[in-house]
Each structure stands twice: as structure tokens, then as C-alpha cells.
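Participant:
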Amino acid sequence: MTPAVRCDGVVQIYKTKEIEVVALRDIDLVIEEGESVAFLGPSGAGKSTLLWLLAGLLRPSAGRLWLGDTEIGKLGPRALDRLRAADIGVVLQNPARNLIPYATAVQNVTFAQRAVRRRARRPAGDLLDRVGLTPVRDKPAGRLSGGEQQRLAVAVALANRPRLLLADEPTSQLDAATGQAVIELIRDLGETSVVVTHDARVSEATGRTVTIRDGRIGAEGRGGEDFVVVGREGAVQLPPEYHELLPPGSMARVEPLPDGVVLRRAEP
34 MTPAVRCDGV
44 VQIYKTKEIE
54 VVALRDIDLV
64 IEEGESVAFL
74 GPSGAGKSTL
84 LWLLAGLLRP
94 SAGRLWLGDT
104 EIGKLGPRAL
114 DRLRAADIGV
124 VLQNPARNLI
134 PYATAVQNVT
144 FAQRAVRRRA
154 RRPAGDLLDR
164 VGLTPVRDKP
174 AGRLSGGEQQ
184 RLAVAVALAN
194 RPRLLLADEP
204 TSQLDAATGQ
214 AVIELIRDLG
224 ETSVVVTHDA
234 RVSEATGRTV
244 TIRDGRIGAE
254 GRGGEDFVVV
264 GREGAVQLPP
274 EYHELLPPGS
284 MARVEPLPDG
294 VVLRRAEP
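Using this note's numbering, the letters of the sequence shown map in sequence onto residues 34 to 301.
(1) CB-CB under 6 Å to residue 42, same chain, minus the five flanking residues each way: which ones, in chain order?
(2) Looking at residue 204: is its Cβ nearer than 8 Å to the Cβ of residue 232?
(3) At which residues does the alpha helix (DSSP H) containing residue 302 begin and terminate?
(4) Residue 69 bridges to which residues according to DSSP?
(5) Starting from the C-beta of residue 215, find all residues in its chain whose C-beta is less than 7 Å away, skip the five residues before and the five after it, and write them out in chain order.
(6) How far does the alpha helix (DSSP H) with residue 323 in it extend, from its first residue to its last?
(7) Expressed to the nearest angstrom, what Euclidean distance is found between the alpha-carbon atoms of residue 112 and residue 67?
(8) How long is the line joining the alpha carbons of residue 219 and residue 134, rounded to whole angstroms?
(9) Expressed to the nearest angstrom, what Euclidean distance is found between the alpha-carbon atoms of residue 274 and residue 245?
(10) Measure the beta-carbon distance from residue 166 to residue 138 and round it to whole angstroms, keeping in mind my assumption that it falls under 8 Å.
(11) Enumerate, from N- to C-terminal direction, the unbroken alpha helix (DSSP H) stretches of 4 or more residues contained entirely within the region 65-133.
(12) Within 10 angstroms of its Cβ, does residue 174 collect 16 or more other Cβ (buried), or is it exposed?
(13) Identify the residues that DSSP records as bridge partners of residue 294: which are they?
(14) Counting only the same chain and skipping the five closest in sequence on each side, list residues whose C-beta sits under 7 Å from that of residue 259.
(15) Quick test of your reading: residue 161 and residue 191, contact by CB under 8 Å. State the CB separation rounded to the nearest angstrom.
(16) How is the alpha helix (DSSP H) around residue 159 delimited, first residue to last?
(17) Let's see if you can read the secondary structure: which residues bound the beta strand (DSSP E) around residue 45?
(18) Which term fits residue 110, buried or exposed, when burial requires 16 or more other beta carbons within 10 angstroms of its beta carbon?
(19) From residue 145 to residue 195, what does the alpha carbon distance come to, in whole angstroms?
(20) Can you list, in chain order, the residues of its chain with a C-beta nearer than 7 Å to that of residue 74? Leave out the 5 residues immediately preceding and following it.
(21) Are residue 100 and residue 120 closer than 8 Å when you measure CB to CB?
(22) Which residue marks the beginning of the beta strand (DSSP E) containing residue 200, and which one marks its end?
(23) Using only alpha-carbon positions, find the residue among 287, 98, 45, 147 that is nearest to residue 64.
(24) Ends of the beta strand (DSSP E) at residue 249?
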């Protein structure tokens, strides 16, 4: 079966007149259909950049990226617009950017459904009820609170039954109970989803975590276990809790074992 998402050696470089900043380095990633993944890592690690690449809002500087059988980097602007309208739901970190401020909450949801057939649309009223916005369904989005706008942005992103849901910190402005309801909505509706988060509740609700540090995938979590990820050149990012044992710049011996390798600190 074709994966929902595949990244092959993706690199992203931000350029200015004076400097170049490498935001992502050699990202290899496969996400299967129906899988729910949380991107973790410190601020500035490259999580949101990877999310924007998956959404087609940026083009990779190098490498290739697929949504199903479609290579996103080869699409022109109109084809990208059609893909995002029909197949990708996006919740940006600033929820107001997802919304039409002068349109009501229910109008924002129905407007997002224009690009898909009627049978593919989720009932707007049901979505608003799931995120607790029925009492303000006829209120302009620009007059909603920050938390209400965040919930509305999630409903808008899910309105057209997207093949892929991408959400950048979707619970950052929500209290614990409301945040849990949004998490359950994203999980229960069953689409492939990728969430950038610092919220432990969100990462625990997903079946898989991907930790990004310094623009590289350094670790993954599956089934309650954490694993380091070996990069293209054999590089391994040690988790921060091991830096005291092997500080940056220290030397280590690599000793092969039948089922892997062991690193042992070596004195020069």
C-alpha cells in the first residue's frame, strides 16, 4: 500500500542576502494511511517547517516529498491549490490565519467545503458541536476569543474530510478539558494526522512521536518505547539526558554486538 506521506532526503534552507539557515537536513520519513503522528522537539528545531512542506506551503530546497502518489514538489501553483483545498486540512499556529474574520463560525466551515463534493462534506453543525461552538455558530470569527478561534480552525480543517490533517499547536490556547475534546475529535475522525506540539496530552494520544532536533529526526516513539533514529550518514543523536555521559566533542569507542553496537566513552 502506498504510504500517506513520504519524505526522501528533504532539505530546507532559508536564504537571505547575508546568510543561509539550514532548517531541515536529510529528512527521511514515512507515514502510513490512518496513522497519527506528533512532531516533538525544542523551538526552532524545524517542526513547523516540515509541517509547512507537507502542506505544500513551502517547496523543499532538496529532496522529494509525496502525498500518496502525488509528488508535491512537482505541482504547479494551481494544482497545489486544488490539492490543499480537497485533500489537506491545515491548522496554523495563529488560528486567525485559518479564518475569515467577518464570516460567522458556520460560514467559515461551509466555505472550506466548496472544493469537494457534497457527499464528502461533514455536517457543519456536527463539527461545531464537537468542538463546543454551537452557541456561537452565528457569531463572526473575528469576534471569537482566541480559544474559540482555535477550535473553529480545527473544525474548518476537518470540514472536507481531508486525506491529511496538519495541525501546528492546535491546543495551545485551550484549557485541559477543551483541549482533550479537540484531541479526541482529531483522533476519532480517523484521518492521517500530523500534529506539532509541546502538549504531553497530544503526544500521548497519538500512536507515534517523531522528535526533531537541529533540523534532523533524532528519535521516534512507538507503543510507549523510545528509539533513536540512525541518519543517512550513520549519525545518531543521543537524547539530552545522555549528554553528561558523552558530552558534545567527546570521543567514544564503537563496539559491535550481534544485535547492534555499544558506545563507550574513550579518553584521548
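Each residue gets a CB set at the ideal place from its N, CA and C atoms; glycine is no exception.
Facilitator: Put simply:
(1) 59, 96
(2) yes
(3) Past the edges of the chain, shown from 34 to 301, lies residue 302, and the structure says nothing about it.
(4) 226
(5) 164, 184, 187, 203, 204, 207
(6) The structure shown does not extend to residue 323, since the chain is modelled only from 34 through 301, so no value can be given for it.
(7) 24 Å
(8) 24 Å
(9) 16 Å
(10) 6 Å
(11) 80-87, 110-120
(12) buried
(13) 289
(14) 252
(15) The Cβ separation is near 11 Å, so there is no contact.
(16) Secondary structure note for residue 159: its alpha helix (DSSP H) is the uninterrupted segment 157-163.
(17) 38-48
(18) exposed
(19) 11 Å
(20) 80, 244, 245, 246
(21) yes
(22) 197-201
(23) Ranked by Cα distance from residue 64, the options 287, 98, 45, 147 are led by 98.
(24) 249-255
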